[in-house]
Amino acid sequence: MIPERDFDQVMRAWVDDGEEMLPQRYVHLALDEVAQTQQRAARSTLIEELTNRFQGVAQPLAVAGMVVLAVVAVTLAGAPWLIGEVPRPSPTATASATPTPSTSALATAGEITGDDLRRITFADTEILMGLDPVSSLEGRAALQTGLRSSRPAFDPSGFVDARYDEFRGLANHDARNPAVIGTYALLLDSVGAAEAAYRFLVDEHESSEGWGLEPDTAFQEALGDESVSYQGPAYERGEATIFLWRTDRLVLIAFGVEDTSPLQPLSVARRMDGQLR
Amino acid sequence: MVRHLLPSYATMEQIALGGRVQRYLVERAKEGDRVAFNELAPALGDRLYSVAHRILRNRDLAGDVTQQTLVKVWRDLPTLRDVDRFDGWAYRLVVNASFDALRMRRGRQPHLTLLDSDVTTPDVQLSVADRDQLDRGFERLSPQHRAVLVLTYYLEYSAPEVAAVLDLPIGTVRSRLHYAKRAMRAALDADRRAALDAGGWA
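Sequence order for the protein chains is A and B.
Heads up: the first sequence begins at 1 in the numbering used here, then just goes up one per residue.
Heads up: the second sequence begins at 278 in the numbering used here, then just goes up one per residue.
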């Protein structure tokens, strides 16, 4: 085993060992292209800068705002579910990629139906600031999300419904590296079936046949009844930050890939989990 | 950060002057002065190329990426609000362009060619075997882990500086650095163990 100090020296020596002069032809080609290229206007930047600057603040503010709104709604409406009347979510069975801002919390995880899944996976537009919905999968088609293509099909016993939504956008200021968020919800007919499905998905993320990830301790986030998070290359899309958890009969995933800040899937996971409490 | 703007024997005064000259050229180019950008481009190109070459481990690919990045620097320069952050901003562009290049190249070519090792280092002499093992260990890393290693060891950026360039939380940078170092160390240790084992049988 090499001592740490020596290893750092070895690394510096190794990384210094490389070219430092750009061949002239590339400079000439670049300057030829520059001569034909108009600069971007600074105006659009201001919007991007503001988006970037307030991105970190806006998410907690949006969560806080939702809490305040929920408290006001409870106060004004008398919280029907607190006196036994379960609110009926509007049916949203289509796979349309149109955001539906959630205005009220779902009752409890135990009362969820398949129709509710879209409201769980479609996080509020405030949370997903700068991201647009780009694709959706429903039913058994959504089940294979997050599994290696070489793995056998996932067909959990007690399956009721599943949904996957994906959002993409310029949350970061480099337009060529958009942020991507995915949300996934799987509903089973019993807690036991959900526990088995959760264990299966944990194994898919951690086993060498799956993604080979190690549970990550960077986020000490307790979600639902049991949860785990990962950071590392996954889903064949580069570096991913993944939150996987189970709440009652539901198994849920929120992840970010490509150029997504790890805090963004965390906010989405908290929001999804918060709906079910 | 003017490490590669001037020759290694440059004095502190020359380095400070280099920084002021760069700042002036960046400000002029930001205002649309193509002549200033033409002055800035060669030294900037060298610095960007040095980083791209180390992430990509391929001369042609690094040249293409640097060429694209120089054009992007020119095009987007008016959008840079703080000229003092020019270096980090430009490095971010070249790192992202390198990621794109690796993504596009993945699938077309299973392995990138190893870096041409014709430069020796004065402080630590690496054996050819060590260098090969480090090359192979590096090749197995994700683009994101490669970038953290290059920014840390080559540009000698601190974790907060790397985080600013890559737009990542500092904790993520530290965890990626830890993982990347562990992978590189494992590659090196495996080689040394193999050499010891070979010696034992001889």
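Built from N, CA and C at the ideal position, the CB exists for glycine as well.
In this text the structure is predicted, and so the values were computed from the model without any measurement.
Please classify residue i as buried or exposed, where buried requires at least 16 neighbouring CB atoms within 10 angstroms.
{"i": "A:Ala-142", "result": "buried"}
{"i": "A:Asp-189", "result": "exposed"}
{"i": "A:Met-11", "result": "buried"}
{"i": "A:Val-86", "result": "Per-residue confidence for A:Val-86 stands at a pLDDT of 32, beneath the threshold of 50, marking its modelled position as unreliable; the derived number appears in the next sentence. Result: exposed."}
{"i": "A:Pro-215", "result": "exposed"}
{"i": "B:Arg-324", "result": "buried"}
{"i": "A:Met-21", "result": "exposed"}
{"i": "A:Met-272", "result": "buried"}
{"i": "A:Val-134", "result": "exposed"}
{"i": "A:Thr-241", "result": "buried"}
{"i": "A:Asp-165", "result": "buried"}
{"i": "A:Asp-161", "result": "buried"}
{"i": "A:Gly-192", "result": "exposed"}
{"i": "B:Ala-467", "result": "exposed"}
{"i": "B:Gln-345", "result": "buried"}
{"i": "B:Leu-443", "result": "buried"}
{"i": "A:Asp-155", "result": "exposed"}
{"i": "A:Ser-136", "result": "buried"}
{"i": "B:Val-312", "result": "exposed"}
{"i": "A:Asp-116", "result": "buried"}
{"i": "A:Ala-13", "result": "buried"}
{"i": "B:Asp-361", "result": "exposed"}
{"i": "B:Leu-392", "result": "Confidence in B:Leu-392 is poor, its pLDDT being 47 and thus under 50, which makes the residue's placement too unreliable to answer from."}
{"i": "A:Val-202", "result": "buried"}
{"i": "A:Thr-217", "result": "exposed"}
Quick check on residue i: does DSSP put it in helix, strand or coil?
{"i": "A:Thr-241", "result": "strand"}
{"i": "B:Pro-399", "result": "For B:Pro-399, the pLDDT reaches just 44, beneath the cut-off of 50, and the residue's location in the model is therefore unreliable, although a value from the coordinates is still provided. Correct three-state label for B:Pro-399: coil."}
{"i": "B:Gly-296", "result": "helix"}
{"i": "A:Arg-148", "result": "coil"}
{"i": "A:Leu-131", "result": "strand"}
{"i": "A:Thr-247", "result": "strand"}
{"i": "A:Asp-273", "result": "helix"}
{"i": "A:Glu-138", "result": "strand"}
{"i": "B:Leu-432", "result": "coil"}
{"i": "A:Gln-36", "result": "helix"}
{"i": "B:Ile-447", "result": "helix"}
{"i": "A:Leu-21", "result": "Position check: residue 21 of chain A holds Met in this sequence, whereas Leu was assumed. The answer is coil: DSSP assigns A:Met-21 none of H, G, I, E or B."}
{"i": "A:Pro-301", "result": "The structure shown does not extend to residue 301 of chain A, since chain A spans only 1 to 277, so no value can be given for it."}
{"i": "B:Glu-308", "result": "coil"}
{"i": "B:Phe-314", "result": "helix"}
{"i": "B:Ser-452", "result": "helix"}
{"i": "B:Leu-357", "result": "coil"}
{"i": "B:Ala-251", "result": "With chain B represented from 278 up to 479, any question about residue 251 of chain B goes unanswered, as that position is not in the structure."}
{"i": "B:Leu-418", "result": "coil"}
{"i": "A:Gly-210", "result": "coil"}
Taking the alpha-carbon of residue i as reference, which of the options has the nearest alpha-carbon?
{"i": "B:Ala-374", "options": "B:Phe-314, B:Arg-453 and B:Thr-343", "result": "B:Thr-343"}
{"i": "B:Gly-296", "options": "B:Leu-333, B:Leu-321 and B:Ala-378", "result": "B:Leu-321"}
{"i": "A:Asp-8", "options": "B:Glu-433, B:Ala-406 and B:Trp-366", "result": "B:Glu-433"}
{"i": "B:Thr-356", "options": "B:Leu-338, B:Arg-336 and B:Glu-308", "result": "B:Glu-308"}
{"i": "B:Arg-331", "options": "B:Asp-466, B:Leu-445, B:Tyr-456 and B:His-422", "result": "B:His-422"}
{"i": "A:Ile-181", "options": "A:Ser-267, A:Tyr-26 and A:Asp-6", "result": "A:Ser-267"}
{"i": "A:Pro-265", "options": "A:Phe-122, A:Asp-6, A:Leu-31 and A:Asp-32", "result": "A:Phe-122"}
{"i": "A:Val-228", "options": "A:Glu-204, A:Tyr-235 and A:Gln-275", "result": "A:Glu-204"}
{"i": "A:Arg-199", "options": "A:Thr-217, A:Ile-112, A:Ala-222 and A:Leu-244", "result": "A:Leu-244"}
{"i": "A:Trp-282", "options": "A:Ala-179, A:Ser-157, A:Gly-158 and A:Arg-237", "result": "Given a span of 1 to 277 for chain A in the structure shown, any question on residue 282 of chain A remains unanswerable."}
{"i": "A:Arg-246", "options": "A:Tyr-230, A:Tyr-235 and A:Ala-222", "result": "A:Ala-222"}
{"i": "B:Arg-380", "options": "B:Leu-333, B:Ala-318, B:Glu-316 and B:Tyr-456", "result": "B:Leu-333"}
{"i": "A:Arg-40", "options": "B:Leu-354, B:Ala-406 and B:Asp-341", "result": "B:Leu-354"}
{"i": "B:Glu-438", "options": "B:Asp-364, B:Val-298, B:Asp-359 and B:Gly-340", "result": "B:Asp-364"}
{"i": "A:Gly-139", "options": "A:Gln-36, A:Tyr-184 and A:Ser-208", "result": "A:Tyr-184"}
{"i": "A:Pro-262", "options": "B:Asp-377, B:Asp-409 and B:Ala-440", "result": "B:Ala-440"}
{"i": "A:Ser-208", "options": "A:Ala-234, A:Val-27 and A:Gln-38", "result": "A:Ala-234"}
{"i": "A:Glu-206", "options": "A:Gly-146, A:Phe-159, A:Asp-16 and A:Arg-119", "result": "A:Gly-146"}
Identify every residue that forms a DSSP beta bridge with residue i.
{"i": "A:Phe-167", "result": "A:Pro-133 and A:Ile-181"}
{"i": "A:Gly-232", "result": "A:Ala-240"}
{"i": "A:Gly-256", "result": "A:Ile-181 and A:Thr-241"}
{"i": "A:Phe-159", "result": "A:Leu-188"}
{"i": "A:Ser-227", "result": "A:Trp-245"}
{"i": "A:Pro-215", "result": "A:Tyr-230"}
Check whether the Cβ of residue i lies closer than 7 Å to any heavy atom of the ligand NAD, and answer yes or no.
{"i": "A:Leu-244", "result": "No copy of the ligand NAD occurs in the structure displayed, which carries no ligand at all."}
query: Is it true that the segment 243-253 of chain A meets the segment 182-196 of chain A, where meeting means three or more beta-carbon pairs spaced less than 8 Å apart?
result: Note that the segment 243-253 of chain A touches the segment 182-196 of chain A; at least 3 beta-carbon pairs, one per stretch, sit closer than 8 Å.
message: Would the segment 460-468 of chain B count as touching the segment 402-418 of chain B if we require 3 or more Cβ pairs under 8 Å?
response: Verdict: yes, contact present.
message: Does the structure place the segment 254-267 of chain A close enough to the segment 297-310 of chain B that three or more beta carbon pairs sit under 8 Å?
response: Cβ pair count under 8 Å is below three, so no.
- prompt: Per the contact definition of three or more C-beta pairs closer than 8 Å, is the segment 424-441 of chain B in contact with the segment 362-377 of chain B?
  reply: Cβ pair count under 8 Å is three or more, so yes.
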